[in-house]
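Worksheet: the structure to be examined is printed underneath.
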Amino acid sequence: MSTHDNLVETMIEEIPSPHDFETTCTRLTDAVAANGFGLLHTHDIHATLNSKGVDFAPECRVFEVCNPRRAAEVLAVRMDLSNALPCRIAVYEKDGRTQVSMIKPTELLAQLSSDKNLAAVARDVEASMDQMIREAVSA
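Straight run, no breaks: the sequence shown in our numbering ends on number 281.
Structure (structure tokens):
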């Protein structure tokens, strides 16, 4: 495995869902609100690619989630980190199963900033996102 592959594996958390794709998406949407985050937008990658003439079979949706207070804390320190906002959680089909994944905010921010206050924000946001995912995939 290459260094790049190791970095990606460290940065991305992927959890299988026991539910079908649509159920997992609905459960994630509910979990986002229940954990004090807002759902800013949902990108339907499958539909978008197919509408552009690309034959793309797997279902894939990317949910942009944000906690406004936490986002403001990050932006107050480094406005250029707006490039890393909002946070995203993906639900997709892979190898016949529904998966839910995220790029860990702690890992992403560690690559972009050494600010200790931002690291604390990233830990809190990651814990919330992890909770959202766990609620979406719970039996």
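Quick reminder that beta carbons are idealized off the backbone N, C-alpha and C, glycines included. As the structure is a prediction and not an experimental result, all values here were calculated from the model.
Within 10 angstroms of its Cβ, does Pro161 collect 16 or more other Cβ (buried), or is it exposed?
-> Reading the sequence as shown, one finds His at residue 161 and not Pro. So His161 ends up on the buried side.
3 or more residues per run - each beta strand (DSSP E) lying fully within the stretch 181–229 = 202–208
Let me know the secondary structure DSSP gives Ser255 once reduced to three states.
-> coil
Run through DSSP, which three-state label would Pro160 get?
-> coil
For Val267, the nearest candidate out of Glu151, Ile245, Leu254 (CA to CA) = Ile245
Glu156 beta carbon less than 8 Å from that of Gln253 | no
Let me know the secondary structure DSSP gives Ala261 once reduced to three states.
-> helix
Closest by CA to Ser256, which one among Arg220, Ile275, Ser270, Gly195?
-> Arg220
Ser270: buried (16+ other C-beta within 10 angstroms of its C-beta) or exposed?
-> buried
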